[in-house]
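Peer 1: Structure below; questions to follow.
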Amino acid sequence: MSSTKPAAALAAAALLGLAACGGGGTPHEAATEFAPDTEAEITFTWWGNDERADWMNQALDLFNQEYPNVEVVRNFNAWADYWTARNTEAAGQALPDVLMMDAGYLGEYADKGLFLDLGAYEGGLLDTAGYADTLLESGTVNDQLVGVPMGYNAWSMMYNKDLLDELGVPYPTADMTLDDLEAYVLQVNQAGAAQDPPVYGASDYTGSFPGFIYSRMQEGEPVFTEDGRPAFEEDDVVDYLDSVAGLRDAGDFYPVERTVALDPLGGFLGGEAALWFNFSTTVAQAMSDIGTENIGMVQAPTADGTHVLADHPSMLLSVAANTDQPDAAAVLVDFLANSPEVKAIFGASLGAPPTEEGRAAVEQSASDGVDFAYLDAIDAEITESYPLLPSGYGSIEAKWGELHEQLLYGDIDTEQLAQELFSEMDMLLG
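Each residue of the sequence shown is one higher than the one before, counting from 1 in UniProt numbering.
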């Protein structure tokens, strides 16, 4: 992920704290029809690079072919700049009419009453009939549908086939246990020791908060309570971090110094580590950064090799409560979320389309096929909604990464990390 993400996240809580609290909702009777010649002007913003902007502009041009009199004022930013701008707008109750949202920020904005309840449009201007209930639940906060997923993904373990082929190491499998994973990391380390620079099995895979969430799910334990408090203790964090203490203390993970030197790529994206733990959508980023389509994905190892899986919204579309064109905004959300032509433009870069019609519309390139193949393989095992993340989650995730880097440098131990994390959560979660 981008190295600028933590800075943006840490700024979120302070800026959003200025926003007025209260419920969002639908301030008028939601329309069930929207004539193609209706005149309106709405603003829409998203994050991403120039390539995504090109695709989004193509999609919006298609929208204007169907609704020629709805002017969509378009804007996009890189990840960090995006949240700086949105947080400032949120503080002034002046968000764009339609905006792209991330699951890590959805609850934070929704709790401030910043979003329209799109549930009133379901069955009318917004078609969600083909969406899995577990996926829609991930866009629901306080019983209001405040985010419509453009796609979904799932937690995964990616591996660099080219690198492993070069080293003569077999690919990892979907039924690996955590003990198997540790042995596999050491196997790759041994095979890659003679390379220049040396090739490692993986970076420390306790380094991200989503990884901790995944581990809690495997234990059948919640992550946050319904009122947005942590449903875990400091000891749970320590136990999770200490589960790889042997590899960490022996220097068997990809070196943190090298990670910083390669920033923002790191070991896997820099082609110097075999494994990467992330959401499946990021396979496209991996292929681009590494320069190969030979990236495989399997389920991340667990203690006993069995899994509890959730579909995770890769990106969501929300409508601001401050909009004065809610019907036009809802129509745009429906078009971008459901149009087969839009899905064909984006492929799987926003995750797998939520509906069968959307999936069928995607011309699957090699990179798309990898993403879909993984999700197809685990489809029957996706039985949960991704945990609802509380207000302030983005800052919590950023703090975990910041503290984990200090842990790798030896500046703090696991108990100190847990203590400082809980101090941060006490401040952010009130």
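Cβ coordinates follow ideal geometry from the N, Cα and C atoms, glycine included.
Between which two residues does the alpha helix (DSSP H) carrying Ser395 extend?
Peer 2: Counting along the chain, the alpha helix (DSSP H) containing Ser395 begins and ends at 393-409.
Peer 1: Please give the ranges of any beta strand (DSSP E) in the segment 67-103, keeping only runs that are unbroken, at least 3 residues long and fully inside the region.
Peer 2: Whole beta strand (DSSP E) segments, 3+ residues: 70-77, 98-101.
Peer 1: What would DSSP say about Ile412, mapped onto helix, strand or coil?
Peer 2: Correct three-state label for Ile412: coil.
Peer 1: Check the C-beta distance from Leu336 over to Ala120 and give it rounded, since I have them as a contact under 8 Å.
Peer 2: Their Cβ separation, rounded to whole angstroms, is 19 Å, which puts Leu336 and Ala120 out of contact at 8 Å.
Peer 1: Given that a residue counts as buried once 16 or more other Cβ atoms are within 10 Å of its Cβ, and exposed if not, what is Glu66?
Peer 2: Looking at its Cβ environment, which holds fewer than 16 other Cβ atoms inside 10 Å, Glu66 is exposed.
Peer 1: DSSP on Asp111, reduced to helix/strand/coil?
Peer 2: DSSP places Asp111 in coil when its eight states are reduced to three.
Peer 1: The beta strand (DSSP E) with Pro313 in it runs from where to where?
Peer 2: Per DSSP, Pro313 belongs to the beta strand (DSSP E) from 309-319.
Peer 1: By a C-beta neighbour count over all protein chains shown, 10 Å radius and 16 as the cutoff for buried, is Val260 buried or exposed?
Peer 2: Flag for Val260 reads exposed.
Peer 1: Return the chain-ordered list of same chain residues with a C-beta closer than 7 Å to the C-beta of Gly228, the five sequence neighbours on each side being excluded.
Peer 2: Closer than 7 Å at the Cβ level, and outside the excluded window around Gly228, lie Pro390, Ser391, Leu429.
Peer 1: Considering only residues of the same chain and omitting the five flanking positions on each side of Ile213, which have a CB-CB separation below 7 Å?
Peer 2: Closer than 7 Å at the Cβ level, and outside the excluded window around Ile213, lie Val223, Pro387.
Peer 1: For Ala348, is the classification buried or exposed, using 16 other Cβ atoms within 10 angstroms of its Cβ as the cut-off for buried?
Peer 2: Ala348 is buried by the Cβ-count criterion.
Peer 1: I need the straight-line Cα distance from His307 to Gly92, nearest angstrom please.
Peer 2: The alpha-carbon atoms of His307 and Gly92 are separated by roughly 43 Å.
Peer 1: Is it the case that the Cβ atoms of Leu145 and Leu135 are separated by a distance below 8 Å?
Peer 2: Going by C-beta atoms, Leu145 is not nearer than 8 Å to Leu135.
Peer 1: When DSSP labels each residue in this structure, what does Glu29 get in the three-state scheme?
Peer 2: Glu29: coil per DSSP, three-state reduction.
Peer 1: With DSSP collapsed to three states, give me the class of Met297.
Peer 2: Residue state, collapsed to three classes: strand.
Peer 1: Have a look at Gly291, Tyr393, Ala344, Val199 and flag the residue whose alpha-carbon is nearest the alpha-carbon of Gly151.
Peer 2: Nearest option by C-alpha distance: Ala344.
Peer 1: Run the CB neighbour count on Ile195, radius 10 Å, all protein chains shown included, and call it buried at 16 or more, exposed below.
Peer 2: In the sequence under discussion, the amino acid at residue 195 is Gln, which differs from the Ile named in the question. Exposed, because fewer than 16 other Cβ atoms sit within 10 Å of the Cβ of Gln195.
Peer 1: Mind listing, in chain order, the continuous beta strand (DSSP E) runs of no fewer than 3 residues lying wholly within the segment 140-221?
Peer 2: If we require 3 residues or more, the beta strand (DSSP E) runs fully inside the segment 140-221 come out as 148-153, 155-160.
Peer 1: Report the partner residues of Ile382 according to the DSSP bridge assignment.
Peer 2: Ile382 pairs with Leu309.
Peer 1: State the Cα-Cα distance for the pair Met425 and Ser208, rounded to the nearest angstrom.
Peer 2: Using only the alpha carbons, I get a separation of about 16 Å.
Peer 1: If you measure between the beta carbons of Leu317 and Ala202, is that distance less than 8 Å?
Peer 2: For Leu317 and Ala202, no; Cβs fall outside 8 Å.
Peer 1: Which residues mark the beginning and the end of the alpha helix (DSSP H) in which Leu332 is found?
Peer 2: Element bounds for Leu332: 326-338.
Peer 1: Buried or exposed for Gln190, going by 16 or more other Cβ atoms inside 10 Å?
Peer 2: It counts as exposed.
Peer 1: Taking C-beta to C-beta, are residue 442 and Val319 nearer than 8 Å?
Peer 2: In the structure displayed, the chain extends from 1 to 430; residue 442 sits before or after that span and is not available.
Peer 1: Under 8 Å between C-beta atoms, does Ala361 make it to chain E?
Peer 2: Here there is only one protein chain, and chain E is not present.
Peer 1: Taking Glu356 and Gly130 to be in contact with their CB atoms under 8 Å, please state how far apart those CB atoms are, rounded to whole angstroms.
Peer 2: Yes, Glu356 and Gly130 are in contact; Cβ-Cβ is about 6 Å, under 8 Å.
Peer 1: If you follow the beta strand (DSSP E) that Leu388 is part of, which residue opens it and which one closes it?
Peer 2: No beta strand (DSSP E) contains Leu388, which DSSP labels as neither H nor E.
Peer 1: Buried or exposed for Leu417, going by 16 or more other Cβ atoms inside 10 Å?
Peer 2: Per the 10 Å Cβ criterion, buried.
Peer 1: Alpha carbon to alpha carbon, how far is Asp239 from Leu262? Give it in angstroms, no decimals.
Peer 2: Between Leu262 and Asp239, the C-alpha separation is close to 29 Å.
Peer 1: Three or more beta-carbon pairs under 8 Å between the segment 67-81 and the segment 169-188, yes or no?
Peer 2: With a cut-off of 8 Å, the segment 169-188 and the segment 67-81 do not count as touching, because too few Cβ pairs lie within range.
Peer 1: Please list, in chain order, all residues of the same chain as Gln325 whose beta carbon is under 8 Å from its beta carbon, the five residues on each side excluded.
Peer 2: Ala40, Glu41, Ile42, Asp97, listed in sequence order.
Peer 1: Identify, in the order they occur along the chain, each residue of the same chain with its Cβ nearer than 7 Å to the Cβ of Phe346, setting aside the five sequence neighbours on each side.
Peer 2: Answer for Phe346: Trp55, listed in chain order.
Peer 1: Who are the near neighbours of Ala110 in its chain, counting only those whose CB is closer than 6 Å to its CB and skipping five residues on each side?
Peer 2: The residues are Val141, Val146.
Peer 1: Express the C-alpha separation of Pro354 and Pro149 in angstroms, rounding to a whole number.
Peer 2: Whole-angstrom Cα-Cα distance: 7 Å.
Peer 1: Using DSSP's beta-bridge definition, name the partner residues of Asn278.
Peer 2: Note: Asn278 sits in a beta bridge opposite Ser156.
Peer 1: Within the same chain, show all residues whose beta-carbon is closer than 8 Å to that of Ile412, passing over the 5 residues directly before and after it, in chain order.
Peer 2: Leu403, Gln406, Glu420.
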